[in-house]
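Accompanying notes for the structure given below.
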Ligand SMILES: Nc1ncnc2c1ncn2[C@@H]1O[C@H](COP(=O)(O)OP(=O)(O)OP(=O)(O)O)[C@@H](O)[C@H]1O
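In our numbering, the protein residues as written are 11 to 239.
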């Protein structure tokens, strides 16, 4: 589903590469944690999958296509197939919970009928059907992140990318978000999540890819945050 072939990314004007000859294969339906200290290249890897930035050398494939060879007009279609969740939620503050989720469907060209059917269903999935008419600032951080997850999932993307989704949440709330991501993963969505959250990674025992100064130093099935046999 996602394939990096000797991917190097060097930002202009910086010393070393942010990613250095990274080769990784993620199969459809996998759940992968991307770990490593701050600046090790996790966000860069995620941005490359979304074609928000391009590799200096090497190739990035998503669903069999080398995405840096996609014509510019095809990039929005690529991004529509990838849901994103970030540490800071990124909700539209002037729209209600339901409108935030509906907006993601409207911009991807769904009919009002589809929106009416899928928004309540997805809000129910994340446990927020009773708060559909609230504004984001009337919700807790955990609830706001649930809205962001609903928005990312409502278009049933083939890939879900999460960059520190639990970074602003307490441990109990984080577990709730991870249960949701796990459920989404079980529907066949490939999940790639960058995180510093030791507790979550140790608890979930999924594949762990560890970066250090832009290099993959560990790629382990059912791994923990730090290396364990
Ligand atoms: N737009 C940019 N321009 C220049 N350098 C950048 C840019 N984005 C990232 N970098 C550099 O690339 C390296 C990798 O950064 P990246 O954000 O990918 O790391 P990260 O592992 O996601 O870090 P964190 O855990 O702090 O989010 C860092 O040295 C960073 O300073």
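Even for Gly, the Cβ is constructed at its ideal location relative to N, Cα and C. For clarity, every value in this text was computed on a predicted model and none was experimentally measured.
Identified DSSP bridge partners for residue i
i: residue 30; result: Looking at the DSSP assignment, residue 30 forms no beta bridge with any residue, so it has no partner.
i: residue 203; result: 43 and 172
i: residue 71; result: 13 and 76
i: residue 96; result: 173
i: residue 101; result: Per DSSP, none; premise fails for residue 101.
Through-space distance from residue j to residue i, alpha-carbon basis
i: residue 117; j: residue 101; result: 15 Å
i: residue 19; j: residue 106; result: 38 Å
i: residue 49; j: residue 137; result: 34 Å
i: residue 73; j: residue 11; result: 5 Å
i: residue 98; j: residue 129; result: 22 Å
i: residue 14; j: residue 56; result: 11 Å
Any non-hydrogen atom of ligand 1 within 6 Å of residue i CB
i: residue 235; result: no
i: residue 52; result: yes
i: residue 18; result: no
i: residue 25; result: no
i: residue 177; result: no
i: residue 71; result: no
i: residue 68; result: no
i: residue 112; result: no
i: residue 28; result: yes
Option nearest residue i by Cα separation, candidates the options
i: residue 139; options: 108, 166 and 13; result: 108
i: residue 115; options: 152, 163, 150 and 78; result: 163
Cutoff 7 Å: residue i Cβ touching any chain D Cβ
i: residue 109; result: The structure shown contains no chain D; it is built from a single protein chain.
### Query
Would you call the region 83-102 and the region 25-45 in contact, with 3 or more CB pairs under 8 Å?
no
### Query
On the three-pair Cβ rule with 8 Å, is the region 119-139 touching the region 58-68?
Verdict: no, contact absent.
### Task
Pair every Cβ in the region 175-187 with every Cβ in the region 202-217, then say whether three or more of these pairs are closer than 8 Å.
The region 175-187 vs the region 202-217: in contact.
### Task
For the region 115-129 and the region 146-159, state whether three or more C-beta atom pairs, one from each stretch, are separated by less than 8 Å.
no
### Message
Three or more C-beta pairs under 8 Å: does that hold for the region 190-200 against the region 159-178?
### Response
The region 190-200, when compared against the region 159-178, does touch it at the 8 Å Cβ threshold.
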